[in-house]
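Chains as they are written, first to last, in the working numbering: chain V, 487 to 583; chain H, 633 to 803.
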Amino acid sequence: MTTIHVDSEGFLTEYGEWSEDLAAELAARIGIELTDEHWKAIRFLRADYPSHGETATLRRVSVLTGMPIKQLFTLFPGKPAKKMAYVAGLPKPRGCV
Amino acid sequence: MTTTDSTPLVVPDFGDEATQGRKLAIICSKGNLDMAYPALILANAALGEGVETHLFFTFWGFDMITKSRMNDLKFTMLGNTATHLPQGLGGLPGMTAMATHQMKKQIHDIGVPDMPEFLEQIVASGGHLWACRMSADMMHLDESDLYDDVEAIISAADFIEKTDGAQIIFI
């Protein structure tokens with residue numbers, strides 16, 4: 487059995503403990519079934535985090551993946567930035583925009 | 633920090649239901665660059681949290697949505713003691729342009745969008761833009777002068793009606 491570490495809200499705290507299978511499960515827990523489009527955003531967030539040093543904000547995801555803001559709101563309804571971070575196993579973004 | 637099995641028991645509460653009924657209205661009454669951004673940033677943040685958000689542009693805030701002016705919002709040192717520079721400096725020719733350029737650069741450097749791109753992002757996130765009827769009449773402007781995504785020119789009473797139950801921020 488794999489053990490993972492999460493904070494008090496349920497966000498993963500260890501970058502290395504994430505896997506694609508886990509992402510699908512985390513997404514399911516917040517009512518999202520992952521499609522290719524979801525994966526595009528999630529893979530970007532995973533790849534961006536180590537070099538950028540923090541979780542990408544919604545704007546950063548949109549600008550650097552070319553995915554329109556509107557689409558991100560459709561894929562991860564309500565609170566897209568936080569939901570993407572959760573599924574990608576990253577901390578909540580700290581940037582304002 | 634909690635250690636759990638591969639299936640974490642704690643699932644974040646994204647409060648989707650709680651925020652569904654939440655509404656925010658921001659009244660933008662100033663056209664200075666440094667007074668425009670707080671409204672834009674708060675609106676953008678609220679939308680990202682799933683809060684229904686309305687911006688109402690009135691008086692000098694009209695500059696934020698007037699096509700001929702929205703690309704050219706300015707920041708001036710005059711009357712702003714927070715620059716901690718002698719007030720007389722701010723009145724020298726070219727100082728407002730220089731201060732504006734500097735502030736725009738600082739905003740750009742931290743990845744925050746320029747105007748009007750920021751409005752585009754707010755609209756794409758589901759934000760609503762409304763223009764004030766009295767300001768439009770005073771300045772002899774109609775919808776053709778305003779940013780295309782402004783939904784309508786409405787009266788103060790219309791705005792009060794639309795923002796029933798909303799939290800209101802006046803800037």
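For glycine and all other residues, C-beta sits at the position ideal for the given N, C-alpha and C.
- Burial is judged here by how many other beta carbons sit within 10 angstroms of a residue's own beta carbon; residue 685(H) has at least 16 and is buried.
- In the assembly as shown, residue 703(H) is an exposed residue. Its beta-carbon has fewer than 16 other beta-carbons within 10 Å.
- At least one CB atom of chain V sits nearer than 8 Å to the CB of residue 756(H).
- Contact between the segment 654 to 668 of chain H and the segment 692 to 699 of chain H is present: three or more C-beta pairs spanning the two stretches fall below 8 Å.
- Against chain V, the beta carbon of residue 673(H) has neighbours under 7 Å at 582 and 583, listed in chain order.
- Taking C-beta atoms as the reference points, residue 559(V) and residue 570(V) fail to come closer than 8 Å.
- In the structure shown, residue 698(H) adopts extended strand secondary structure according to DSSP, grouped into three states.
- With fewer than 16 other Cβ atoms inside 10 Å of its own Cβ, residue 517(V) counts as exposed.
- Distance between residue 580(V) and residue 673(H), taken at the CA atoms: about 14 Å.
- For residue 731(H), the CB contacts under 7 Å within the same chain, skipping 5 residues up- and downstream, are 707, 708 and 709 in chain order.
- Shown here, residue 684(H) sits in a strand according to DSSP, grouped into three states.
- With distances taken between CA atoms, residue 678(H) lies nearest to 568(V) out of 568(V), 504(V), 520(V) and 552(V).
- Rounded to whole angstroms, the separation of the alpha carbons of residue 701(H) and residue 671(H) is 17 Å.
- DSSP, read as helix, strand or coil, puts residue 497(V) in coil.
- Per the C-alpha coordinates, the member of 675(H), 653(H) and 711(H) positioned closest to residue 723(H) is 711(H).
- Here residue 747(H) is buried, its C-beta having at least 16 other C-beta atoms within 10 Å.
- In this structure residue 755(H) is in contact with residue 781(H), their Cβ atoms being roughly 4 Å apart against a cut-off of 8 Å.
- At least one C-beta of chain V is nearer than 8 Å to the C-beta of residue 745(H).
- In the displayed model, residue 559(V) falls within a helix according to three-state DSSP.
- Beta-carbon to beta-carbon, residue 778(H) and residue 698(H) are separated by about 6 Å, close enough to satisfy the 8 Å threshold.
- Annotated three-state conformation of residue 655(H) is strand, per DSSP.
- Listed in chain order, the positions of the segment 511 to 533 of chain V with a beta carbon within less than 9 Å of a beta carbon of chain H are 511, 512, 515, 516 and 517.
- The C-alpha of residue 523(V) lies about 11 Å from the C-alpha of residue 551(V).
- Every alpha helix (DSSP H) stretch that sits fully inside the segment 719 to 781 of chain H and reaches 4 residues is listed by chain position as 719 to 722, 727 to 741, 749 to 756 and 765 to 770.
- Annotation for residue 800(H): 657 place their beta carbon closer than 6 Å to its own, counting only its chain and skipping 5 residues before and after.
- Chain V has a Cβ within less than 8 Å of the Cβ of residue 681(H).
- Approximately 5 Å separates the beta-carbon atoms of residue 573(V) and residue 513(V); this is inside 8 Å, confirming the contact.
- Short of 8 Å from the beta carbon of residue 717(H), and not among the five residues preceding or following it, lie these beta carbons of its own chain, in chain order: 709.
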